[in-house]
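What follows is a short report on a single structure.
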Amino acid sequence: MTNAEKSGIALEVLAGVCTTGSCPTVYRTDRNSLIVQGYVVTAADAGVDLPEGESLVEIPLDLLLDAARRAG
């Protein structure tokens, strides 16, 4: 069981960089939202302030464009 299943969020892969292993992926949820898996970027490295509970995640631009096309 995934963490998403434990929390009650159903995920569907919308777009991914690879077909095997763990890599940047965009998921569609059953709550009409997206979850993005990518590379964590610290607020200090990005030069921004983040509120508690938020994170910065870097993904390839092509992945986001592919996800947007598939979300239609």
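For the sequence shown, position 38 matches number 31 in my numbering, and the numbering has no gaps at all.
Ideal placement from N, C-alpha and C gives every residue a C-beta, glycine not left out.
Could you tell me the alpha carbon to alpha carbon distance between residue i and residue j, rounded to whole angstroms?
i, j, result
"Ala36", "Leu54", "20 angstroms"
"Gly40", "Tyr32", "16 angstroms"
On a CA-only basis, which of the options is nearest residue i? Give me that one, please.
i, options, result
"Ala61", "Gly46, Ile28, Leu49", "Ile28"
"Glu5", "Val19, Tyr32, Glu51", "Val19"
"Ile2", "Val10, Thr13, Thr22", "Thr22"
"Leu57", "Ser48, Asp42, Pro44, Gln30", "Gln30"
"Ser0", "Gly65, Arg24, Thr13, Arg63", "Arg24"
Can you say whether residue i is buried or exposed, counting buried as having 16 or more other CB atoms within 10 angstroms of its CB?
i, result
"Met(-6)", "Bear in mind that the predicted position of Met(-6) carries a pLDDT of just 48, short of 50, making it unreliable; the figure below should be weighed with that in mind. Label assigned to Met(-6): exposed."
"Ala8", "buried"
Starting from the C-beta of residue i, find all residues in its chain whose C-beta is less than 7 angstroms away, skip the five residues before and the five after it, and write them out in chain order.
i, result
"Cys16", "Gly9, Val10"
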